[in-house]
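J.: Residue numbers (the numbering used here), protein chains in the order written: chain Y, 42 to 534; chain R, 3 to 513; chain Z, 216 to 397.
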Amino acid sequence: MSGETLIIAALVLPVLTAVGIFFAGKLPDFREGITLLGAAALFVTACGLAGTVGGDMPAELVLGTSVPGLDFAFRMEPLGAMFALVASGLWIVNSFYSIGYMRGNRERNQTRFYICFAIALMGAMGVAMAANLFTLFVFYEVLTLSTFPLVAHKEDKKALKGASIYLMTLLATSIGLFLVAIIWTYTLAGSMDFVPGGLLNGVEAVTPIIASALLILFAFGIGKAALMPIHFWLPNAMVAPTPVSALLHAVAVVKAGVFTMAKVGLYVFGYDLLKDTPARDFVLGVACFTIVVASLVALTKDNLKARLAYSTVGQLAYVTAGVMLANSAGMMGGSLQIAAHAFGKITLFMCAGAIYVATGKTEISQLRGLGRRMPWVFGAFLIGSLSIIGIPPLAGGWPKVMLMLGSAESGDGYVAWVLIISSLLNIAYLLPIAILALMPPRGTLEPAPYKRPEGAPMFTVAAPVFTAFGTVVLFFLMGELYDFLLPAIGGQP
Amino acid sequence: MIDLILQLAPAWAEAHAPALIIVLPLLAGPISAFLPGSGRIAWIMTMVVTALCTLLSIILLAQVRSVEGGAVISYAMGGWAPPYGIEFRIDALNVLVLMLVSFIAFLTSIFGWPTIRAEINEEKRAMFFGAFQVCFMGLLGVAATGDAFNLFVFLELSSIATYVLVALGSGRDRRALPAAINYLLMGTIGASFYVVGVGFLYAATGTLNMADLAIQLQDTSGNRAVQVGFAFILVGLGLKAAMFPLHQWLPNAYTYSPSFVTAFLAATATKVAIYALVRFLFSVFSLEFIFEGASLALILTPMGIAAMLACSFQAIFQTDVRRTLAYSSVAQVGYMLLGISLGTAAGVSAGMFHLVNHALMKGALFMAVAGVVLTYQGTRIHDFAGLGRSAPWTMTAFAIAALSLIGVPLTAGFQSKFALVSALLASGWWWAALIVVFSSVLAVVYMGRILQAVFFKPPNNPQKRQKEAPMLLLGPLWVLALANLWIGINGNFVVGLANDAAQALFIGGVR
Amino acid sequence: MVEFILERGNYWAIIGLMMIGLYTLFSSTNLIKRLVGLSVFQTSIILFYISLSRIDGGTAPILFGADAKGHGGDHAEDVAAAAAHGADAAHGVAADAGHGVADTAHGAASHGLEHIYSNPLPHVLMLTAIVVGVATLAVGLAIVVRIREAYGTIESDEIREMDLEVALAEYAHDHPGEADPA
Numbered sequence: 042m043s044g045e046t047l048i049i050a051a052l053v054l055p056v057l058t059a060v061g062i063f064f065a066g067k068l069p070d071f072r073e074g075i076t077l078l079g080a081a082a083l084f085v086t087a088c089g090l091a092g093t094v095g096g097d098m099p100a101e102l103v104l105g106t107s108v109p110g111l112d113f114a115f116r117m118e119p120l121g122a123m124f125a126l127v128a129s130g131l132w133i134v135n136s137f138y139s140i141g142y143m144r145g146n147r148e149r150n151q152t153r154f155y156i157c158f159a160i161a162l163m164g165a166m167g168v169a170m171a172a173n174l175f176t177l178f179v180f181y182e183v184l185t186l187s188t189f190p191l192v193a194h195k196e197d198k199k200a201l202k203g204a205s206i207y208l209m210t211l212l213a214t215s216i217g218l219f220l221v222a223i224i225w226t227y228t229l230a231g232s233m234d235f236v237p238g239g240l241l242n243g244v245e246a247v248t249p250i251i252a253s254a255l256l257i258l259f260a261f262g263i264g265k266a267a268l269m270p271i272h273f274w275l276p277n278a279m280v281a282p283t284p285v286s287a288l289l290h291a292v293a294v295v296k297a298g299v300f301t302m303a304k305v306g307l308y309v310f311g312y313d314l315l316k317d318t319p320a321r322d323f324v325l326g327v328a329c330f331t332i333v334v335a336s337l338v339a340l341t342k343d344n345l346k347a348r349l350a351y352s353t354v355g356q357l358a359y360v361t362a363g364v365m366l367a368n369s370a371g372m373m374g375g376s377l378q379i380a381a382h383a384f385g386k387i388t389l390f391m392c393a394g395a396i397y398v399a400t401g402k403t404e405i406s407q408l409r410g411l412g413r414r415m416p417w418v419f420g421a422f423l424i425g426s427l428s429i430i431g432i433p434p435l436a437g438g439w440p441k442v443m444l445m446l447g448s449a450e451s452g453d454g455y456v457a458w459v460l461i462i463s464s465l466l467n468i469a470y471l472l473p474i475a476i477l478a479l480m481p482p483r484g485t486l487e488p489a490p491y492k493r494p495e496g497a498p499m500f501t502v503a504a505p506v507f508t509a510f511g512t513v514v515l516f517f518l519m520g521e522l523y524d525f526l527l528p529a530i531g532g533q534p
Numbered sequence: 003m004i005d006l007i008l009q010l011a012p013a014w015a016e017a018h019a020p021a022l023i024i025v026l027p028l029l030a031g032p033i034s035a036f037l038p039g040s041g042r043i044a045w046i047m048t049m050v051v052t053a054l055c056t057l058l059s060i061i062l063l064a065q066v067r068s069v070e071g072g073a074v075i076s077y078a079m080g081g082w083a084p085p086y087g088i089e090f091r092i093d094a095l096n097v098l099v100l101m102l103v104s105f106i107a108f109l110t111s112i113f114g115w116p117t118i119r120a121e122i123n124e125e126k127r128a129m130f131f132g133a134f135q136v137c138f139m140g141l142l143g144v145a146a147t148g149d150a151f152n153l154f155v156f157l158e159l160s161s162i163a164t165y166v167l168v169a170l171g172s173g174r175d176r177r178a179l180p181a182a183i184n185y186l187l188m189g190t191i192g193a194s195f196y197v198v199g200v201g202f203l204y205a206a207t208g209t210l211n212m213a214d215l216a217i218q219l220q221d222t223s224g225n226r227a228v229q230v231g232f233a234f235i236l237v238g239l240g241l242k243a244a245m246f247p248l249h250q251w252l253p254n255a256y257t258y259s260p261s262f263v264t265a266f267l268a269a270t271a272t273k274v275a276i277y278a279l280v281r282f283l284f285s286v287f288s289l290e291f292i293f294e295g296a297s298l299a300l301i302l303t304p305m306g307i308a309a310m311l312a313c314s315f316q317a318i319f320q321t322d323v324r325r326t327l328a329y330s331s332v333a334q335v336g337y338m339l340l341g342i343s344l345g346t347a348a349g350v351s352a353g354m355f356h357l358v359n360h361a362l363m364k365g366a367l368f369m370a371v372a373g374v375v376l377t378y379q380g381t382r383i384h385d386f387a388g389l390g391r392s393a394p395w396t397m398t399a400f401a402i403a404a405l406s407l408i409g410v411p412l413t414a415g416f417q418s419k420f421a422l423v424s425a426l427l428a429s430g431w432w433w434a435a436l437i438v439v440f441s442s443v444l445a446v447v448y449m450g451r452i453l454q455a456v457f458f459k460p461p462n463n464p465q466k467r468q469k470e471a472p473m474l475l476l477g478p479l480w481v482l483a484l485a486n487l488w489i490g491i492n493g494n495f496v497v498g499l500a501n502d503a504a505q506a507l508f509i510g511g512v513r
Numbered sequence: 216m217v218e219f220i221l222e223r224g225n226y227w228a229i230i231g232l233m234m235i236g237l238y239t240l241f242s243s244t245n246l247i248k249r250l251v252g253l254s255v256f257q258t259s260i261i262l263f264y265i266s267l268s269r270i271d272g273g274t275a276p277i278l279f280g281a282d283a284k285g286h287g288g289d290h291a292e293d294v295a296a297a298a299a300h301g302a303d304a305a306h307g308v309a310a311d312a313g314h315g316v317a318d319t320a321h322g323a324a325s326h327g328l329e330h331i332y333s334n335p336l337p338h339v340l341m342l343t344a345i346v347v348g349v350a351t352l353a354v355g356l357a358i359v360v361r362i363r364e365a366y367g368t369i370e371s372d373e374i375r376e377m378d379l380e381v382a383l384a385e386y387a388h389d390h391p392g393e394a395d396p397a
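This is how it looks when you write it as structure tokens:
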């Protein structure tokens, strides 16, 4: 199949899936089958697209010109391929999980749920494949809009309020800051294409002040990357059902944000321009601040999902920090973190959801001793936590190592210290959950019986176990991933 | 397709299109007013006339485009040659406006029948359509004419008809009457100021023909009479265009007039006045005069920015959906004026592009609101709650138009905002670009409130009938909503027209 | 100084009427009075144009005497040209901000006319403007009649009070149970 066909397929398949879900609304099993089929097909397409990268015929497509100067153009490059693979692959897992969760919890409006999911994945694929800022922006907004009904799913007052904050923050930052940065870039450089080495690199009109202003507009305009203080939409979006949280945190939304950050850093600025931009230090400082403060806040949260949300905010800032280090090691660390964190976090969230479905419990203090009854769930949680903390043989270790290398290379030594502190904090707020559940201290009361008699639905247990296993597998595949990304990012083979 | 219409058109239509486009509604108006029956025949006549005018405007478009760089069609009324006779002068700028006005009139006259049946008394319907045709003719005349005083005549013709149309909303809500009288008083002041300005220009040059004025005014930069004339014209047309702070008549007029009238006016009346303003600023007065002599940037830019900010804020605090949209319209006029005040071809092109897009957006929004008024008799945000489920077709079109207003990509609103911000940044006005973006965020707030009520709140009164608006209403509504999407995805056609329009103004003067 | 004022007497009258009209329109609360103010304002504009048409030494623009004889049809061009020339003379007039002196004899003679005529064009324009003014006034008065029927008053402040009550009632209806802010 030619590259162009694959690109079109990647966009059309999720839409077809959505249409199929719409028509199969009354037949739940059939409807879920369509989701799984669509997800599987999308993953295969993503594999095909990844295969075209680096070959003689990279997949490229120009769909047309919207207005002179604004084209819909797609091109596969290694970063995008990785994101596409992660998103589509985890969609399959998340779909299985959703089936278990939504049915186990007897949620309403399931058809709307699956339809919005499919459209959100289309947005993610569009972001992954975009060849210029305009196309990326279009699909970025599609992602925002399609996830809004998902966040507001429960439709009660709290859900609507959380969803409104979600939408407002993301739209305000994207229209108010990101779009301005895009148009300004277009005015300066005459185009919006992603160029290896940096679109703005070498453009005369880009003085250090202008580059700084642009960098700040981009950094805070890409609201999905949750850099402080634009991070608060993420904890507010916890009102959504857990599969949505998993989608938000691991599969699509925040990953699209930090992926965009990486693309902007790599292809719009380029290492050289970034190094010469005074605001780089500022943004790097903000990222490190986010890492530490988010972890500290996570420590104070007793609500499991809230703690995980703040953990994500901190972990995302790793990617931003990596990009701001402006060298290949830092960028590699950030990119690897996209994949590693995805697997780790989705495990944690899916476990949280399984716990909720089975017991109705949301607070960490209530989970002591529960591990005896739900060993698989908490086992997966433990492995996920270790991955986030960064302990080999789990995936999270590699990105941290690369980031430390990058910080040494760029001269921003303090970043390494920040990473170490962050790992310590991760241990402090993640490990106790699993440990206290699996091995409660003597004298802990017996946990209350299950809310749901059969315990957690099978899919909601199998999925996190699978992804926990995935973090181990990813550890060993890191080498391949490194080689795959090398042509784009540069550095030592 | 345009060439096809040109080939099919009979020769007399091609030769006399500029005159026919005015004469048809002019004749049909009084005839419609006296037609018997419940107004249905008058309605059909209106639809036919507006359809014919749309075709004529397309013929004119084809003729203008037949020459590279845009032809100028000059039609001397009655055979009297300009500058003594009145001429109709069609170039790339006003053919765009002619097409827009006729197309919107056609769509609203299709959609209007169910709402008019509900809101206007039976004995008044035929006269209502008569007044509508006169209003339509007046707007077309303003767009087509090449004579300054003739513009006043057509402007007043359309305005007087509009006052009548607005006042007819008293069938539903008596507040339409004070709204109409206020509109009358302010609108007449505006037109009178305009005619004073034209008087000064006539005193200084001796001619009323706009092309001739342009030639005569070239050497008059220090002349006080010309400056005063310019000021009066600016204020007069600004009042008609609802330029801040001369916009006070608009919110009440849009809120209380019949739904059909609001949908039509929101999409056309202020646009035509802005066209007239652009015509005077760039065709009649020379660019040097505007920017060095009278410092245009000092007048239009702050007004545009004030409109965007103040009216977007006011829109947030309204409880009636139509008032929200009305304040939003004033803010959007601010965008157009900001683009025009840049004084570059890119700025004027962005302003004209937004003019077209805004007409499509607001037309769709007000049509959707009309649908709700028809089936649920309520226009407050409170009444809109939960309609996403009961009237999905209407509300989805509303949502598309609302997203276009916000400026979400793949919609027309995004394209024009992009063009505007690009033009501003290209001229170095980054502070204005930030303000444009900020007011877009405000638009998210006020449209978001309505959308949230529609799609995510339970209906307030479950006993109310859960039904959809009639097909006659949904058809044109969806045509406009889809037009928004089409321009958002492939805006080449309209952008091309807007660019041609801007080029037509800037031939011979570049800034 | 006194000459300066007296020579421009017509313009003072125009400005005076304009300001009286606008002031009445803005400050009066009675709708009929506001319409009257509007009419006065429009009258001042009519006077303005008619002032423009006045040529010093010119008479009513009807051909008479020696000029009236001769070929009917061709005359139209000459007359039109003379009128335009009269307007150009008025151009010289306005450039000096309102003096009534002009080089009209020269202009008239060069077009073969013996007498000097005032410019008829502004008169024609003002006929149109008068009609527009009358139509506006008629519509305005009709609306005022309907306001009287609907509200029982034609004072705009009373009307605004009544509308405000309705608006407050609507708001209270939408938000039941809220304390009265007053």
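All C-beta atoms in this analysis are idealised placements derived from N, C-alpha and C, irrespective of residue type, glycine included.
#1: Note down the Cα distance separating alanine 216 of chain R from proline 304 of chain R, rounded to an integer number of angstroms.
#2: List, in chain order, every chain R residue whose beta-carbon is nearer than 9 angstroms to that of tyrosine 491 of chain Y.
#3: Taking the C-alpha atoms as reference points, what is the distance between leucine 212 of chain Y and lysine 346 of chain Y?
#4: DSSP three-state call for leucine 210 of chain R: helix, strand or coil?
#5: CB alanine 347 of chain R to CB phenylalanine 495 of chain R, shorter than 8 angstroms?
#6: Between which two residues does the alpha helix (DSSP H) carrying aspartate 112 of chain Y extend?
#7: With 16 as the cutoff for other CB atoms within 10 Å, does valine 25 of chain R come out buried or exposed?
#8: So what's serine 27 of chain Y in DSSP terms, helix, strand or just coil?
#9: Who are the near neighbours of glycine 353 of chain R in its chain, counting only those whose CB is closer than 6 angstroms to its CB and skipping five residues on each side?
#10: Relative to the alpha-carbon of alanine 366 of chain R, which residue among R/Phe355, R/Ala401, R/Gly336 has its alpha-carbon at the smallest distance?
#11: Excluding the 5 residues flanking glutamate 521 of chain Y on each side, which residues of the same chain have their C-beta closer than 7 angstroms to its C-beta?
#12: Within 10 angstroms of its Cβ, does arginine 321 of chain Y collect 16 or more other Cβ (buried), or is it exposed?
#13: Report yes or no: do three or more beta-carbon pairs, one from the stretch 294-309 of chain Y and one from the stretch 427-437 of chain Y, lie closer than 8 angstroms?
#14: Could you give the residue range of the beta strand (DSSP E) that holds serine 4 of chain Y?
#15: Check the Cβ of tyrosine 264 of chain Z against every Cβ in chain B and list those closer than 7 angstroms, keeping chain order.
#16: Give the C-beta separation of glycine 409 of chain R and serine 442 of chain R to the nearest angstrom, bearing in mind that I take them to be a contact with Cβ-Cβ under 8 angstroms.
#17: Roughly how many angstroms lie between the CA atoms of arginine 176 of chain R and methionine 363 of chain R, to the nearest whole one?
#18: Figure out for me which residue from R/Leu239, R/Ser40, R/Met397 has the closest Cα to the Cα of phenylalanine 452 of chain R.
#19: Could you pull the DSSP bridge partners for aspartate 234 of chain Y from this structure?
#20: On the DSSP bridge assignment, give the partners of leucine 78 of chain R in chain order.
#21: Which runs of the alpha helix (DSSP H) spanning at least 4 residues fall entirely within the stretch 232-294 of chain Z, listed in chain order?
#22: Between the alpha carbons of lysine 342 of chain Y and arginine 348 of chain Y, how many angstroms are there, rounded?
#23: With DSSP as the reference, label tyrosine 185 of chain R as helix, strand or coil.
#24: Flag glutamate 158 of chain R as yes if its beta-carbon sits less than 8 angstroms from any beta-carbon of chain Z, otherwise no.
T.: Let's see:
#1: 27 angstroms
#2: Within chain R, no residue comes near tyrosine 491 of chain Y; the closest Cβ sits about 32 angstroms away, beyond 9 angstroms.
#3: 24 angstroms
#4: coil
#5: No, these two residues do not count as a Cβ contact at 8 angstroms.
#6: Not the alpha helix (DSSP H): aspartate 112 of chain Y falls in the beta strand (DSSP E), residues 111-116.
#7: exposed
#8: Lying outside 42 to 534, the shown extent of chain Y, residue 27 of chain Y is not represented and no answer is given.
#9: Met338, Gly341, Ile342
#10: Checked all of R/Phe355, R/Ala401, R/Gly336; the closest Cα to alanine 366 of chain R is R/Ala401.
#11: none
#12: buried
#13: no
#14: The first residue shown for chain Y is 42 and the last is 534, placing residue 4 of chain Y beyond what the model contains.
#15: Any reference to chain B falls outside this structure, whose protein chains are Y, R and Z.
#16: 5 angstroms
#17: Rounded to the nearest angstrom, the two C-alpha atoms are 28 angstroms apart.
#18: For the record, residue 452 of chain R in the displayed sequence is isoleucine; it is not phenylalanine. Closest by alpha carbon: R/Met397.
#19: Y/Asn173
#20: For the record, residue 78 of chain R in the displayed sequence is alanine; it is not leucine. According to DSSP, which records beta bridges pairwise, alanine 78 of chain R is partnered with R/Glu89.
#21: 246-268
#22: 5 angstroms
#23: helix
#24: yes
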